[in-house]
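*Asks:*
Number of protein chains: 2
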Amino acid sequence: MRGLDEHRAATLALATPLPTVEVHLLDALGLVLAEDVATPEALPRWDNSAMDGYAVRAADVAAARPDAPVRLRVVADLAAGSDDEPEVTPGAAARIMTGAPVPPGADAVVPVELTATAVTGGAWEPDEGAVLVREPVATGAHVRCAGDDAAAGDTVLRAGALVGPAHVAAAASVGRSTLVVHRRPRVAVVSTGDELVPPGEPLRRGQIPDSNSWLLAAAAREAGADVLRLGPERDDPAALHRLLRALDAGEHGAVDAIVTSGGVSAGAYDVVKAALADEPGVAFVPVAVQPGKPQGLGRLPGGTPVWTLPGNPVSSATSFEVFVRPALLRMRGLVDVERPRVPAVAADSWSTPVGRAQLMPVVRADPGADSGTRPGALASDGADPAAARSGDGRVAVRRATPRGSGSHLVARLAVAQGLAVIPAGVEQVRPGDSLEVFWT
Amino acid sequence: MRGLDEHRAATLALATPLPTVEVHLLDALGLVLAEDVATPEALPRWDNSAMDGYAVRAADVAAARPDAPVRLRVVADLAAGSDDEPEVTPGAAARIMTGAPVPPGADAVVPVELTATAVTGGAWEPDEGAVLVREPVATGAHVRCAGDDAAAGDTVLRAGALVGPAHVAAAASVGRSTLVVHRRPRVAVVSTGDELVPPGEPLRRGQIPDSNSWLLAAAAREAGADVLRLGPERDDPAALHRLLRALDAGEHGAVDAIVTSGGVSAGAYDVVKAALADEPGVAFVPVAVQPGKPQGLGRLPGGTPVWTLPGNPVSSATSFEVFVRPALLRMRGLVDVERPRVPAVAADSWSTPVGRAQLMPVVRADPGADSGTRPGALASDGADPAAARSGDGRVAVRRATPRGSGSHLVARLAVAQGLAVIPAGVEQVRPGDSLEVFWT
Numbered sequence: 001m002r003g004l005d006e007h008r009a010a011t012l013a014l015a016t017p018l019p020t021v022e023v024h025l026l027d028a029l030g031l032v033l034a035e036d037v038a039t040p041e042a043l044p045r046w047d048n049s050a051m052d053g054y055a056v057r058a059a060d061v062a063a064a065r066p067d068a069p070v071r072l073r074v075v076a077d078l079a080a081g082s083d084d085e086p087e088v089t090p091g092a093a094a095r096i097m098t099g100a101p102v103p104p105g106a107d108a109v110v111p112v113e114l115t116a117t118a119v120t121g122g123a124w125e126p127d128e129g130a131v132l133v134r135e136p137v138a139t140g141a142h143v144r145c146a147g148d149d150a151a152a153g154d155t156v157l158r159a160g161a162l163v164g165p166a167h168v169a170a171a172a173s174v175g176r177s178t179l180v181v182h183r184r185p186r187v188a189v190v191s192t193g194d195e196l197v198p199p200g201e202p203l204r205r206g207q208i209p210d211s212n213s214w215l216l217a218a219a220a221r222e223a224g225a226d227v228l229r230l231g232p233e234r235d236d237p238a239a240l241h242r243l244l245r246a247l248d249a250g251e252h253g254a255v256d257a258i259v260t261s262g263g264v265s266a267g268a269y270d271v272v273k274a275a276l277a278d279e280p281g282v283a284f285v286p287v288a289v290q291p292g293k294p295q296g297l298g299r300l301p302g303g304t305p306v307w308t309l310p311g312n313p314v315s316s317a318t319s320f321e322v323f324v325r326p327a328l329l330r331m332r333g334l335v336d337v338e339r340p341r342v343p344a345v346a347a348d349s350w351s352t353p354v355g356r357a358q359l360m361p362v363v364r365a366d367p368g369a370d371s372g373t374r375p376g377a378l379a380s381d382g383a384d385p386a387a388a389r390s391g392d393g394r395v396a397v398r399r400a401t402p403r404g405s406g407s408h409l410v411a412r413l414a415v416a417q418g419l420a421v422i423p424a425g426v427e428q429v430r431p432g433d434s435l436e437v438f439w440t
Numbered sequence: 001m002r003g004l005d006e007h008r009a010a011t012l013a014l015a016t017p018l019p020t021v022e023v024h025l026l027d028a029l030g031l032v033l034a035e036d037v038a039t040p041e042a043l044p045r046w047d048n049s050a051m052d053g054y055a056v057r058a059a060d061v062a063a064a065r066p067d068a069p070v071r072l073r074v075v076a077d078l079a080a081g082s083d084d085e086p087e088v089t090p091g092a093a094a095r096i097m098t099g100a101p102v103p104p105g106a107d108a109v110v111p112v113e114l115t116a117t118a119v120t121g122g123a124w125e126p127d128e129g130a131v132l133v134r135e136p137v138a139t140g141a142h143v144r145c146a147g148d149d150a151a152a153g154d155t156v157l158r159a160g161a162l163v164g165p166a167h168v169a170a171a172a173s174v175g176r177s178t179l180v181v182h183r184r185p186r187v188a189v190v191s192t193g194d195e196l197v198p199p200g201e202p203l204r205r206g207q208i209p210d211s212n213s214w215l216l217a218a219a220a221r222e223a224g225a226d227v228l229r230l231g232p233e234r235d236d237p238a239a240l241h242r243l244l245r246a247l248d249a250g251e252h253g254a255v256d257a258i259v260t261s262g263g264v265s266a267g268a269y270d271v272v273k274a275a276l277a278d279e280p281g282v283a284f285v286p287v288a289v290q291p292g293k294p295q296g297l298g299r300l301p302g303g304t305p306v307w308t309l310p311g312n313p314v315s316s317a318t319s320f321e322v323f324v325r326p327a328l329l330r331m332r333g334l335v336d337v338e339r340p341r342v343p344a345v346a347a348d349s350w351s352t353p354v355g356r357a358q359l360m361p362v363v364r365a366d367p368g369a370d371s372g373t374r375p376g377a378l379a380s381d382g383a384d385p386a387a388a389r390s391g392d393g394r395v396a397v398r399r400a401t402p403r404g405s406g407s408h409l410v411a412r413l414a415v416a417q418g419l420a421v422i423p424a425g426v427e428q429v430r431p432g433d434s435l436e437v438f439w440t
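Okay, structure coming up:
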């Protein structure tokens with residue numbers, strides 16, 4: 001049997017970053033940058049004001065005190081966006097708004113709170129054309145210097161970055177309205193099995209709703225792919241072979257990967273195995289993992305990578321997670337395609353198969369944990385896997401399906417918050433044992 | 001000044017879960033379930049086989065041994081999806097595939113590996129119409145019992161769950177092709193400022209590219225909203241007021257929230273403040289936070305909540321994160337709308353303002369940390385904030401902008417991996433100090 005890590009390496013070897021495409025800024029969100037982005041000019045482009053106030057020569061106001069303010073002539077009024085370049089000569093000041101370029105001659109900004117436009121007796125009063133400065137400011141005070149953020153030519157974004165809002169903003173700030181990114185993979189998902197009917201249709205004895213094509217389509221979409229969902233397909237090897245060849249040939253639109261479920265074990269009706277038996281590029285290999293031992297992998301003649309996953313829903317889900325998802329992320333251009341494995345501690349006891357790694361759906365063990373939320377699964381998910389930490393900071397977890405770990409428990413799978421990865425050498429997990437978990 | 005938490009509470013008070021809508025399974029991905037989903041029937045519906053093999057009466061094979069196999073008549077061939085219900089009488093067996101219903105009379109499944117179809121001398125040979133069982137099986141062996149996964153009527157998904165792939169699969173498995181979810185918020189984002197020009201257009205002195213509308217549009221989209229991006233709008237209070245009223249009235253399509261940037265501080269050109277000065281539902285309040293002190297908040301006459309964020313890019317970004325994002329998640333129907341705050345330790349030193357909380361963009365302090373990736377930002381992001389842990393498991397962080405924390409550093413913001421929240425009482429952060437960080 002092939003080891004878990006060996007098969008992961010084989011699946012990653014099928015994936016290369018997809019071609020690049022230039023897209024508008026917002027369309028780059030969630031995609032992976034395929035270029036370094038440099039700023040053609042310094043950021044900020046000019047020394048500019050960090051405050052609303054008055055641009056002054058610091059030397060002019062060195063002696064300013066609240067009871068002896070310095071009076072300066074106001075020679076200009078610089079709104080943000082103004083292209084005025086008034087000279088601030090000794091004794092002069094320019095009214096300036098946050099972000100406006102500091103005019104020639106000025107070397108500091110006095111915040112408006114430290115000024116008035118006149119004093120009459122003890123009260124501040126208007127004085128057309130002049131400002132009274134009540135306190136001194138240091139040279140450079142409240143001035144944002146040109147190049148503070150980046151010098152001309154500096155790289156502000158690097159190829160390989162997953163584009164988020166701050167990347168979009170940085171690109172805009174250097175004058176870019178488009179970005180070059182790797183395009184999304186388009187993935188065809190095909191479920192197989194004569195027992196499957198589309199969800200919502202009536203069932204007779206022996207039939208069950210197809211859930212795998214929906215599971216895998218959703219998982220592929222969550223992994224950043226566009227998805228073509230097909231199935232359930234009948235247990236007809238010739239027809240399935242024609243469909244897979246048609247997908248490979250682009251007859252349903254170009255696809256970058258094909259994922260099937262079902263029909264890969266040792267039974268008499270293993271349609272995927274039969275359909276691909278004569279494809280030299282595809283191999284069926286047992287992998288030392290539970291669930292998910294029967295796996296198929298390879299390329300169709302047109303070059304499309306194909307993953308044939310087992311049909312039990314939990315096996316499909318865990319196989320996608322550890323074998324397909326990293327490959328899709330690699331196609332998107334990401335370098336680091338593994339979820340972080342977080343140290344955890346078992347709060348439960350279960351046995352694991354001899355000689356096989358185990359992927360066990362788990363939940364946090366704290367009593368208040370809401371099984372309806374999935375920590376870390378989406379940026380928008382507010383749940384906190386840190387809430388059920390042991391004294392040493394590790395999260396305590398138990399099985400998501402305490403009555404059993406059967407790979408058919410599709411309803412229970414929805415409560416899982418992560419997968420524990422138990423190495424092949426372990427035969428029993430006991431409360432208090434150290435585990436590695438990734439939140440899904 | 002209003003405290004950070006008080007203003008957060010005020011912004012959340014503007015947000016209520018949006019109306020529900022029934023969508024197809026895949027379209028529910030990433031939305032929040034607005035109904036409990038129960039299974040109308042037991043899952044599995046029938047006792048069914050967990051293996052490819054033979055359905056038998058366990059008592060018939062109790063004496064089976066490899067050197068003395070028990071011969072059973074094969075009375076049926078049950079593929080998955082078969083609606084056959086053959087009676088398995090004493091001495092009989094039914095060939096059965098994984099997932100097929102266990103026929104009446106049978107109480108166990110013998111895996112195909114433990115059978116043969118005949119023995120001739122020492123070798124296993126075909127024997128039409130019969131099977132040889134080499135080992136005994138316990139009653140119930142390799143049978144998945146009806147109701148194992150869920151009993152009829154059991155709730156398998158709860159309202160409030162963020163729909164992920166496993167939820168989609170569970171819904172399909174109980175026969176649902178649609179789900180009732182809260183619809184996404186539609187958010188209008190408006191940047192303001194005479195100094196702003198669309199990114200990519202030529203700049204004259206005093207002008208800069210608009211980055212805020214792109215930043216906020218991307219952040220709103222990442223928070224699960226559909227976005228109408230507008231701007232840059234000129235510093236014309238009457239025109240801006242007309243635009244905001246038109247948005248509130250649905251003239252640009254229905255919007256559930258409006259977010260503006262810029263024009264809210266104490267200067268002479270604060271267009272948003274001027275535009276909304278006469279709107280009784282909107283208040284401008286200083287908030288004890290750095291950056292992001294000038295905030296406006298309220299409802300327009302048509303009921304649309306409006307957030308007016310400051311215009312410095314870092315202020316806009318952090319204000320969106322702590323004030324707008326939780327409200328959008330609440331509109332989506334999520335209950336837990338806060339990102340987890342993770343204990344961390346400072347690897348850097350900086351001062352913080354007296355009497356104001358500070359939101360400091362930070363990066364992991366390990367030397368190998370790649371500033372191009374954002375841990376935890378998207379499900380698809382493989383980076384690991386756990387990589388730079390201190391000895392006690394806490395992540396060490398330093399400022400993302402070590403030369404300064406100016407709120408104009410938009411290019412630098414792209415390297416930030418999270419925000420440290422420094423309470424108002426702290427005036428100086430020193431290496432080794434405990435921090436709370438959320439990864440963005």
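Chains as they are written, first to last, in the UniProt record's numbering: chain A, 1 to 440; chain B, 1 to 440. Ideal Cβ positions, reconstructed from N, Cα and C, are used throughout, including at glycine. The structure displayed is predicted, hence computed values, not measured ones.
1. Is the shortest distance between the beta-carbon of D148 (chain B) and the beta-carbons of chain A less than 8 angstroms?
2. Report the rounded CA-to-CA distance for A151 (chain A) versus C145 (chain A), giving the unit in angstroms.
3. If contacts are defined as beta-carbon pairs under 8 angstroms, then P104 (chain A) and E85 (chain A) qualify, I think. What distance do you get, rounded to the angstrom?
4. Is the CB-CB distance between L276 (chain A) and T308 (chain A) below 8 angstroms?
5. Any Cβ of chain B within less than 8 angstroms of the Cβ of T98 (chain A)?
6. In terms of residues, what are the limits of the beta strand (DSSP E) holding M1 (chain A)?
7. Comparing C-alpha positions only, which one of A:V180, A:R339, A:A50, A:T304 sits nearest to P111 (chain A)?
8. On the DSSP bridge list, what partners appear for N48 (chain B)?
9. Per DSSP, W214 (chain B) is paired with what?
10. State yes or no: is the beta carbon of R65 (chain B) nearer than 8 angstroms to at least one beta carbon in chain A?
11. Just checking: is the beta-carbon of T39 (chain B) within a distance shorter than 8 angstroms of some beta-carbon in chain A?
12. Show which residues of chain A have a CB atom less than 9 angstroms away from the CB atom of G292 (chain B).
13. Ordered along the chain, which non-local residues of its own chain (more than five positions away) have a Cβ less than 8 angstroms from that of R184 (chain A)?
14. Which of the three DSSP states, helix, strand or coil, is assigned to D77 (chain A)?
15. Just reading off the alpha helix (DSSP H) that S315 (chain A) is part of, what are its end residues?
16. Among residues of its own chain, excluding the 5 on either side of V337 (chain B), which ones have a beta-carbon nearer than 6 angstroms to its beta-carbon?
17. Looking at chain B, is there any beta carbon in it that lies within less than 8 angstroms of the beta carbon of P313 (chain A)?
18. With DSSP run on the structure shown, which of helix, strand or coil describes R205 (chain A)?
19. Around the C-beta of R412 (chain A), are 16 or more other C-beta atoms found within 10 angstroms, so that it is buried, or is it exposed?
20. Is there a Cβ of chain B sitting closer than 8 angstroms to that of residue 454 (chain A), yes or no?
21. Any C-beta of chain A within less than 8 angstroms: which residues of the segment 5 to 16 of chain B qualify?
22. Is there a Cβ from chain A that is less than 8 angstroms from the Cβ of R205 (chain B)?
23. Here's a check: name, in chain order, each residue in its chain whose Cβ is nearer than 8 angstroms to the Cβ of W46 (chain A), leaving out the five neighbours to either side.
24. Taking the DSSP output, what are the residues bridged to M360 (chain B)?
25. Could you check where the beta strand (DSSP E) with V259 (chain B) kicks off and where it finishes?
26. Using a Cβ-Cβ distance cut-off of 8 angstroms, determine whether R364 (chain B) contacts chain A.
27. Could you check what DSSP says for P280 (chain A) in three-state terms: helix, strand or coil?
28. Which residue or residues does DSSP assign as beta-bridge partners of F438 (chain A)?
29. Taking only beta-carbon positions, decide if P165 (chain A) is within less than 8 angstroms of chain B.
30. Between the C-alpha atoms of L78 (chain A) and T89 (chain A), what's the straight-line distance to the nearest angstrom?
31. Pick helix, strand or coil for P340 (chain B), following the three-state DSSP scheme.
32. When the distance is taken between beta carbons, is A55 (chain B) closer than 8 angstroms to A94 (chain B)?
33. Would you be able to state if there are at least three C-beta pairs under 8 angstroms between the segment 252 to 261 of chain A and the segment 180 to 195 of chain A?
34. Using C-beta distances below 7 angstroms, list every residue in its chain close to L114 (chain A), excluding the 5 sequence neighbours before and after it, in chain order.
35. Looking at C-beta atoms only, is the number of pairs between the segment 340 to 352 of chain A and the segment 297 to 317 of chain A that lie closer than 8 angstroms three or more?
36. So for L409 (chain B), helix, strand or coil by DSSP?
*Replies:* In short, the structure shows the following:
1. Taking the first residue of the second sequence as position 1, residue 148 (chain B) is located at position 148. Interface residue, yes.
2. Position 151 of the first sequence, counted from the first residue, corresponds to residue 151 (chain A). Position 145 of the first sequence, counted from the first residue, corresponds to residue 145 (chain A). Computed Cα separation, rounded: 11 angstroms.
3. Position 104 of the first sequence, counting from 1, holds the residue named residue 104 (chain A). Position 85 of the first sequence, counting from 1, holds the residue named residue 85 (chain A). Rounded, the Cβ-Cβ distance is 6 angstroms, consistent with contact.
4. Locating residue 276 (chain A) in the first sequence gives position 276, where the first residue counts as 1. Locating residue 308 (chain A) in the first sequence gives position 308, where the first residue counts as 1. Yes; because the gap between Cβ atoms is below 8 angstroms, this pair is in contact.
5. Indexing the first sequence from 1 puts residue 98 (chain A) at position 98. Closer than 8 angstroms: yes.
6. Residue mapping note: residue 1 (chain A) aligns to position 1 of the first sequence, counting from 1. Unbroken run through M1 (chain A): none, as it is neither H nor E.
7. Indexing the first sequence from 1 puts residue 111 (chain A) at position 111. It is A:A50 whose Cα lies nearest to the Cα of P111 (chain A).
8. The residue you call residue 48 (chain B) lines up with position 48 of the second sequence. The partner list for N48 (chain B) (beta bridge, DSSP) reads B:P101, B:R144.
9. The sequence position of residue 214 (chain B) within the second sequence is 214, counting from 1. W214 (chain B) pairs with nothing; no bridge assigned.
10. Position 65 of the second sequence, counted from the first residue, corresponds to residue 65 (chain B). For R65 (chain B), the answer is no, since every Cβ of chain A falls outside 8 angstroms of its Cβ.
11. Along the second sequence, one-based indexing puts residue 39 (chain B) at 39. Output row for T39 (chain B): interface = yes.
12. Taking the second sequence and counting its residues from 1, one reaches residue 292 (chain B) at position 292. The contacting residues do not exist; G292 (chain B) stays about 14 angstroms from chain A at best.
13. Taking the first residue of the first sequence as 1, we reach residue 184 (chain A) at position 184. Contacts found: L18, L31, G224, A225, D226, R332.
14. Position 77 of the first sequence, counted from the start, is the residue given in the question as residue 77 (chain A). Strand, per DSSP.
15. On the first sequence, position 315 is the one that residue 315 (chain A) refers to. First-last of the alpha helix (DSSP H) with S315 (chain A): 313 to 319.
16. If you number the second sequence from 1, residue 337 (chain B) lands on position 337. Result list for V337 (chain B): P326, L329, R330, in chain order.
17. For the purposes of this step, residue 313 (chain A) is taken as residue 313 along the first sequence, with counting starting at 1. With 8 angstroms as the cut-off, P313 (chain A) counts as an interface residue toward chain B.
18. For the purposes of this step, residue 205 (chain A) is identified with residue 205 of the first sequence, where counting begins at 1. Of the three classes helix, strand and coil, the one that applies to R205 (chain A) here is coil, per DSSP.
19. As a position in the first sequence, residue 412 (chain A) is number 412, starting the count at 1. Under this definition R412 (chain A) is a buried residue.
20. Chain A is shown from 1 up to 440; residue 454 (chain A) falls before or after that span and cannot be answered.
21. none
22. Within the second sequence, the letter at position 205 stands for residue 205 (chain B). True, the Cβ-Cβ gap to chain A drops below 8 angstroms.
23. The residue given as residue 46 (chain A) occupies position 46 in the first sequence. Around W46 (chain A): P101, V102, A146.
24. Residue 360 (chain B) sits at position 360 when you count from the first residue of the second sequence. Note: M360 (chain B) sits in a beta bridge opposite B:A420.
25. Walking along the second sequence from the start, residue 259 (chain B) turns up at place 259. Here the beta strand (DSSP E) through V259 (chain B) covers 257 to 261.
26. In the second sequence, residue 364 (chain B) corresponds to position 364, counting from 1. Using a CB distance cut-off of 8 angstroms, R364 (chain B) does not count as an interface residue toward chain A.
27. In the first sequence, residue 280 (chain A) corresponds to position 280, counting from 1. P280 (chain A): coil per DSSP, three-state reduction.
28. Stepping through the first sequence from its first residue, residue 438 (chain A) is reached at position 438. According to DSSP, which records beta bridges pairwise, F438 (chain A) is partnered with A:L419.
29. Counted from its first residue, the first sequence places residue 165 (chain A) at position 165. Yes, P165 (chain A) counts as interfacial toward chain B.
30. Working through the first sequence from its first residue, we reach residue 78 (chain A) at position 78. Working through the first sequence from its first residue, we reach residue 89 (chain A) at position 89. Near 16 angstroms, if we compare the C-alpha coordinates of T89 (chain A) and L78 (chain A).
31. Along the second sequence, read from residue 1 onward, the residue named residue 340 (chain B) stands at position 340. Coil, per DSSP.
32. Within the second sequence, the letter at position 94 stands for residue 94 (chain B). Within the second sequence, the letter at position 55 stands for residue 55 (chain B). Yes, these two residues count as a Cβ contact at 8 angstroms.
33. yes
34. To locate residue 114 (chain A), count along the first sequence from 1; it is residue 114. Correct list, in chain order: V133, R134, E135.
35. no
36. Locating residue 409 (chain B) in the second sequence gives position 409, counting from the first residue. Residue state, collapsed to three classes: coil.
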